[in-house]
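Notes follow once the structure below has been shown.
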Amino acid sequence: MITYSGRKCVLSFTKFLSFVIIVMFLVTVLLTFIVLTSENCACVNQQTSFCPNSYPKLKNRKLLSHNLAVLVPFRDRFDELLTFVPYMTNFLNAQGIQYSIFILNQVDNYRFNRASLINVGYLYTMGDYDYIAMHDVDLLPKNTNLSYAYPATQPFHVSAPNLHPRYHYDNFIGGILLVNREQFKLVNGMSNKYWGWGLEDDEFFVRLKDANLNVTRPVNITTGTSNTFRHTHNKTYRKRDTIKCYNQRNVTRRRDRQTGLHDVKYKITNVHKLTLDDYPVTVVNIELKCNRTVTPWCDCSNTTKSSLNKKT
Ligand code: UDP
Ligand code: MN
33 MITYSGRKCV LSFTKFLSFV IIVMFLVTVL LTFIVLTSEN CACVNQQTSF CPNSYPKLKN
93 RKLLSHNLAV LVPFRDRFDE LLTFVPYMTN FLNAQGIQYS IFILNQVDNY RFNRASLINV
153 GYLYTMGDYD YIAMHDVDLL PKNTNLSYAY PATQPFHVSA PNLHPRYHYD NFIGGILLVN
213 REQFKLVNGM SNKYWGWGLE DDEFFVRLKD ANLNVTRPVN ITTGTSNTFR HTHNKTYRKR
273 DTIKCYNQRN VTRRRDRQTG LHDVKYKITN VHKLTLDDYP VTVVNIELKC NRTVTPWCDC
333 SNTTKSSLNK KT
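Here the sequence shown stands for residues 33 to 344, numbered as in the working numbering.
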């Protein structure tokens, strides 16, 4: 009898143990499911950035206290855009940056005005983003050590002259420049006088310098001018608009103390929230206005051939 009830007891204990193991297994499965679901929710609720599989793991989330508006001055660069959005999304996600990409699409008939578009982008993203990246659409960072972190004390020039594939002069700050909201406001943003290609970034350099802002640049980068960035710029198909008409040459050689963030004239005609290969991007259609008395060179089409590029 004793033996029998002993066996029965051992059998019951084995059953009990199996039961406990099954319950523990089910609890583990349930907990895993809950954790995964809540990660996805965090992803869905995060309006500003896309969350693909490469989204930064929890340890990086604490870094996400700043919010970057990537401002891309744009007109007629569709192929570059198709590459830019997925590439930059993955690049910035890998760094744990919280950001959104804004394509500042110039839709008027004037010459391209990169600086005014950036002014408009700044105003459009005010409130939600505490720093901006002024970012060319055709320049992609290849070295993962190039930081897009918040520039707390000084503007940060990512595409430094010793790294940029094309521009190597000391005061060059074009390509990709990170500036925080206060710094940009302090210098009244960028000049609105630069229609056509060139010099608006050099004028911005002087604005920063006059405000005692010293541009900082990446350090300890082991790559060089040939392998730090990809500059997808075919000079035959993407011609730079270097025409100078009226007194453009003279005026744009000088520091502009009149125009900037406070007086940029424009109308936003449309905002499109798109996904490109599942990566979100906001396209802001911007109609710039030109005061032809102040900057007649916003349109050189009616000037005679002989007056074009004339040195005044
Ligand atoms: N850009 C544009 N359409 C134009 C001219 C310029 O979208 O017709 C934008 C684009 O983001 C480009 C940036 O302005 O990367 C700077 O112009 P560009 O590439 O001609 O200058 P670079 O630095 O190559 O001399
Ligand atoms: Mn270019």
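For glycine and all other residues, C-beta sits at the position ideal for the given N, C-alpha and C.
Legend entry - Span of the alpha helix (DSSP H) around F216: Taking the sequence shown and counting its residues from 1, the one referred to as residue 216 is at position 184. Taken as a continuous stretch (DSSP letters only), the alpha helix (DSSP H) holding F216 covers R213 to L218.
Legend entry - Rounded straight-line distance, which links the Cα of I275 to that of A101: Here residue 101 refers to the residue found at position 69 of the sequence shown. Here residue 275 refers to the residue found at position 243 of the sequence shown. Approximately 31 Å between the Cα atoms of the pair.
Inset, instruction - Answer yes or no: the CB of D392 versus the heavy atoms of the ligand MN, is any distance below 7 Å? - result: The chain is shown only over 33 to 344; residue 392 falls outside these bounds and no answer can be derived.
Legend entry - Rounded distance between the beta-carbons of Y226 and A165, thought under 8 Å: Here residue 165 refers to the residue found at position 133 of the sequence shown. Here residue 226 refers to the residue found at position 194 of the sequence shown. That pair is no contact at about 19 Å.
Inset, instruction - Using only alpha-carbon positions, find the residue among H200, S223, D309 and S97 that is nearest to T284. - result: Position 252 of the sequence shown holds residue 284. Nearest of H200, S223, D309 and S97 to T284, Cα basis: S223.
Inset, instruction - Assign I133 to one of three DSSP states: helix, strand, or coil. - result: For this step, residue 133 is matched to residue 101 along the sequence shown. Strand, per DSSP.
Inset, instruction - Quick one: grab the DSSP three-state call for L183. - result: Taking the first residue of the sequence shown as position 1, residue 183 is located at position 151. Reading off the sequence, residue 183 comes out as Pro, not Leu. P183: coil per DSSP, three-state reduction.
Legend entry - Where the alpha helix (DSSP H) through A147 begins and ends: Translated into the one-based positions of the sequence shown, residue 147 becomes position 115. Residues R146 to Y156.
Inset, instruction - Inspect the CB distances between the region 250 to 269 and the region 192 to 212 and report whether three or more fall short of 8 Å. - result: yes
Legend entry - Sequence-distant residues of the same chain with beta carbon closer than 8 Å to L308, five excluded per side: The count along the sequence shown starts at 1 and reaches residue 308 at position 276. Hits under 8 Å: L113, L114, V117 and P118.
Legend entry - I13 vs N137 beta-carbon contact at 8 Å: The requested residue 13 does not occur in the structure, where the chain is confined to residues 33 to 344.
Legend entry - Endpoints, the alpha helix (DSSP H) within which Y119 is located: Residue numbering aside, residue 119 sits at position 87 when the sequence shown is read from its first letter. Per DSSP, Y119 belongs to the alpha helix (DSSP H) from F110 to A126.
Legend entry - Buried/exposed call for R286, threshold 16 Cβ in 10 Å: One-based indexing of the sequence shown puts residue 286 at position 254. It counts as exposed.
Inset, instruction - Using beta-carbon positions only, say whether I129 and L171 come within less than 8 Å of one another. - result: For the purposes of this step, residue 129 is taken as the residue at position 97 of the sequence shown. For the purposes of this step, residue 171 is taken as the residue at position 139 of the sequence shown. Result no, Cβ atoms of I129 and L171 do not sit closer than 8 Å.
Inset, instruction - Would you check if the distance between the CB atom of R249 and the CB atom of A181 is smaller than 8 Å? - result: Residue 249 sits at position 217 when you count from the first residue of the sequence shown. Residue 181 sits at position 149 when you count from the first residue of the sequence shown. The answer is no: Cβ separation not under 8 Å.
Inset, instruction - For K321, name the three-state secondary structure that DSSP assigns. - result: Locating residue 321 in the sequence shown gives position 289, where the first residue counts as 1. Three-state DSSP puts K321 in coil, outside helix and strand.
Inset, instruction - With a threshold of 7 Å, establish whether the CB of L171 neighbours any heavy atom of the ligand UDP. - result: On the sequence shown, residue 171 is found 139 positions in, with the first residue counted as 1. Within the cutoff, so yes.
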